[in-house]
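A.B. asks:
Chains as they are written, first to last, in this note's numbering: chain G, 3 to 117; chain R, 59 to 171.
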């Protein structure tokens, strides 16, 4: 069965500094990996995904994520944080298709960008 | 492109009452999901439809929860009878197919008192 861990409940970063939100995963096959962001009283918004190909994936709002197979990680990054990036971030994983297509979410990391 | 529509946005009911949520997915999306998000936790999949067939309902409490997707478009999720622990945000999502990214609605916040 697949699982995903977000080891940090809270990440604080100063505006203009680079940010990293960590995610590690466990799957039996090849992983399909996703990052979503949730603003207050809003649904989850898709940021980016890794299916196959280049390990560095670029997504919405200047975010990117690096797939590292040996470390089973898919950390979310941004070179320069904005106050408007403050939100709840979820990593999600889907195991390579075996018939069970469950998109499994982590517990979330709250990012606060300090002006 | 219109997003995933859900209603109602908020619902307060007493325990043992019943409640229903409605979802209209993005046009043309074959896959529809219902997730439960309890405060402080990540979303948990309740049920996944591919067109109008159920793909995964392994985490749906079938003694009280039911869902249907008639004609492979709109879907309803019902809880009967509700328990206090059902208080959560219920998120509907859709994707073009089972292997593409899912797009979420704003959710229905259910409070059971």
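Note that the Cβ used here is the ideal one computed from N, Cα and C, for glycine as well. The structure presented is a predicted model; accordingly, all values stated were derived computationally and were not measured.
Against residue 161 (chain R), what residues of chain G qualify as contacts under a CB-to-CB distance less than 9 Å, listed in chain order?
C.D. replies: Those within 9 Å of residue 161 (chain R) in chain G are 45, 46, 47, 48.
A.B. asks: Output needed for residue 142 (chain R): all residues of its chain with C-beta closer than 7 Å, excluding positions within five of it in sequence on either side, in chain order.
C.D. replies: Within the same chain, residue 142 (chain R) has close Cβ partners 73, 170.
A.B. asks: Quick one: which unbroken beta strand (DSSP E) runs of 3-plus residues sit fully inside the segment 8-72 of chain G? Chain order, please.
C.D. replies: Complete beta strand (DSSP E) runs here, min 3: 12-16, 21-23, 26-28, 33-40, 46-52, 58-60, 66-70.
A.B. asks: If we define contact as Cβ-Cβ less than 8 Å, is residue 149 (chain R) a contact residue for chain G?
C.D. replies: So yes, residue 149 (chain R) belongs to the interface.
A.B. asks: Compute the distance between the beta-carbons of residue 84 (chain G) and residue 39 (chain G), then report whether it is under 8 Å.
C.D. replies: No, Cβ-Cβ distance for residue 84 (chain G) and residue 39 (chain G) is not below 8 Å.
A.B. asks: Just checking my contact of residue 51 (chain G) with residue 65 (chain G) at CB under 8 Å: how many whole Å lie between their CB atoms?
C.D. replies: So it is not a contact: roughly 12 Å between Cβ atoms.
A.B. asks: Spatial neighbours of residue 101 (chain G) within its chain, please: CB distance less than 7 Å, with the 5 preceding and 5 following residues excluded, ordered by chain position.
C.D. replies: Per-residue confidence for residue 101 (chain G) stands at a pLDDT of 47, beneath the threshold of 50, marking its modelled position as unreliable; no derived number is given.
A.B. asks: Taking 6 Å as the limit between beta carbons, can you name the residues of its chain near residue 82 (chain G), skipping five residues before and five after?
C.D. replies: Taken in chain order, the residues that qualify are 18.
A.B. asks: Under a CB-based cut-off of 8 Å, is residue 51 (chain G) close to chain R?
C.D. replies: Closer than 8 Å: yes.
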